[in-house]
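Protein chains: 2
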Amino acid sequence: MNNKNPTATVLYLIEHAIKEYRKISQRNISKIVKDITIDQCLVLIILNKDDKISQNELANLVFKDNASITRMIELMVKKDYLNRTIHQEDRRKFNLEITEKGKKTLELINPVAKLNRKTALNGLSLEEINLLEKTLNKIITNCKI
Amino acid sequence: MNNKNPTATVLYLIEHAIKEYRKISQRNISKIVKDITIDQCLVLIILNKDDKISQNELANLVFKDNASITRMIELMVKKDYLNRTIHQEDRRKFNLEITEKGKKTLELINPVAKLNRKTALNGLSLEEINLLEKTLNKIITNCKI
DNA sequence: CGTTTTATATTGATATATCAATTATATTTG
DNA sequence: CAAATATAATTGATATATCAATATAAAACG
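Quick mapping for you: the protein sequence lines, in order, are chains R and B. Just so we're aligned: 89 in this note's numbering is position 89 of the first sequence, and the numbers increase by one with no gaps anywhere. Just so we're aligned: 71 in this note's numbering is position 71 of the second sequence, and the numbers increase by one with no gaps anywhere.
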């Protein structure tokens with residue numbers, strides 16, 4: 001009764017699935033853009049939707065620590081994907097702006113990201129995906145309590 | 001038609017779920033054992049089931065790179081969770097042995113690990129879990145092709 | 001045998017993860 | 001308004017992730 005080895009549980013499978021997905025995603029992205037990680041891509045995609053977001057909010061969206069985001073952004077500025085300027089209303093914050101290089105990169109990675117998702121979910125019915133979402137949401141809620 | 005933002009897809013939810021699970025797991029483990037990570041716990045649990053395993057195999061089981069495992073083991077030896085000796089038949093390999101401290105730690109973390117899984121999966125029916133497993137396995141297969 | 005190929009693990013370089021402590025600015029409150 | 005509190009981001013320390021290059025030993029092959 002629930003005395004399973006962790007490697008025999010569905011939680012281990014979740015870890016496995018996301019790791020495999022990250023692997024093919026990184027592999028496919030790297031074929032097109034050399035010096036970018038999939039997490040940096042996600043940052044670009046999110047900022048592209050809403051560039052008024054704070055580093056804090058960004059960190060939450062990509063499930064990372066503030067410290068990680070600080071360093072990621074630092075690197076992305078250095079690699080000329082982002083510009084960073086001080087926020088005028090709240091001087092603790094920063095404006096994050098996608099550079100021209102960043103925009104061009106987005107155009108390159110968007111189709112790859114789409115293909116990655118399609119590959120990973122190939123053969124899954126809409127019902128299966130909906131159920132998967134529902135179950136994962138339950139797990140997330142359980143863990144947050 | 002599949003032109004979703006990545007943050008709106010089920011793959012993002014998978015990432016979210018595992019991150020939340022890792023968070024509560026680490027939090028609960030840290031309450032009981034101070035200087036151990038959940039990945040190090042998993043290494044202990046796996047070695048406890050089969051101590052004849054190579055670093056290579058261990059890396060595969062915990063979805064890590066050989067380089068990561070080398071450094072993890074180095075640390076675990078330093079913290080006296082493991083002993084490492086040269087393998088006599090194959091001198092490229094090592095024997096990994098759990099120390100007394102490691103064994104005591106296992107006894108402490110096993111109930112916590114069990115509780116973590118129970119917490120995360122609370123309220124899920126057996127059918128839901130089976131379906132989740134099936135769907136995740138499909139995704140894993142898709143990504144490995 | 002010796003040479004080539006393969007397997008196992010390490011090391012270096014760089015990116016990210018995470019916690020705790022810190023800095024700087026905003027907001028709340030007495 | 002000044003002091004206390006809260007928020008945003010950074011920094012330091014340490015662990016892990018990942019790739020490429022390397023060292024060493026074992027296996028395969030001619």
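C-beta atoms are modelled at their ideal positions from N, C-alpha and C, and glycine is treated no differently. Remember, predicted model here, so these are calculated numbers, not experimental data.
- Annotation: Lys52 of chain R has no Cβ neighbours in chain B at a cutoff of 8 Å; minimum Cβ distance is about 16 Å.
- In chain order, Leu121, Ile129, Leu132, Glu133 and Leu136 make up the part of chain R whose C-beta sits under 8 Å from the C-beta of Val10 of chain B.
- Around the Cβ of Gln88 of chain B, a 10 Å sphere holds fewer than 16 other Cβ atoms; the residue is exposed.
- Secondary structure at Glu89 of chain R: coil, using DSSP grouped into helix, strand and coil.
- Per the C-alpha coordinates, the member of R:Met76, R:Ile36 and R:Lys93 positioned closest to Ile53 of chain R is R:Lys93.
- Annotation: Cβ neighbours of Glu20 of chain B in chain R (cutoff 8 Å, chain order): Ile139, Ile140, Cys143 and Lys144.
- When DSSP states are grouped into helix, strand and coil, Ile53 of chain B belongs to the coil group.
- Rounded to the nearest angstrom, the gap between the Cα atoms of Gln26 of chain R and Ile38 of chain R is 6 Å.
- Thr135 of chain R and Glu57 of chain R have their C-alpha atoms some 25 Å from each other.
- When 8 Å is used as the limit between beta carbons, Pro6 of chain R is near these residues of chain B: Leu42, Ile45, Ala113 and Arg117, in chain order.
- For Ile73 of chain B, not one C-beta of chain R is nearer than 9 Å to its own C-beta.
- The stretch 14-56 of chain R is shown to contain whole alpha helix (DSSP H) runs of 4 or more residues at 38-49, in chain order.
- If you draw a straight line from the Cα of Tyr81 of chain B to the Cα of Asn66 of chain B, it is about 19 Å long.
- DSSP places Leu121 of chain R outside both helix and strand once states are collapsed to three, so it counts as coil.
- Between the stretch 114-125 of chain R and the stretch 129-145 of chain B, the count of C-beta pairs closer than 8 Å reaches three or more; the two stretches touch.
- One thing to note: Leu47 of chain R has its Cβ within 9 Å of the Cβ of Ile98 of chain R.
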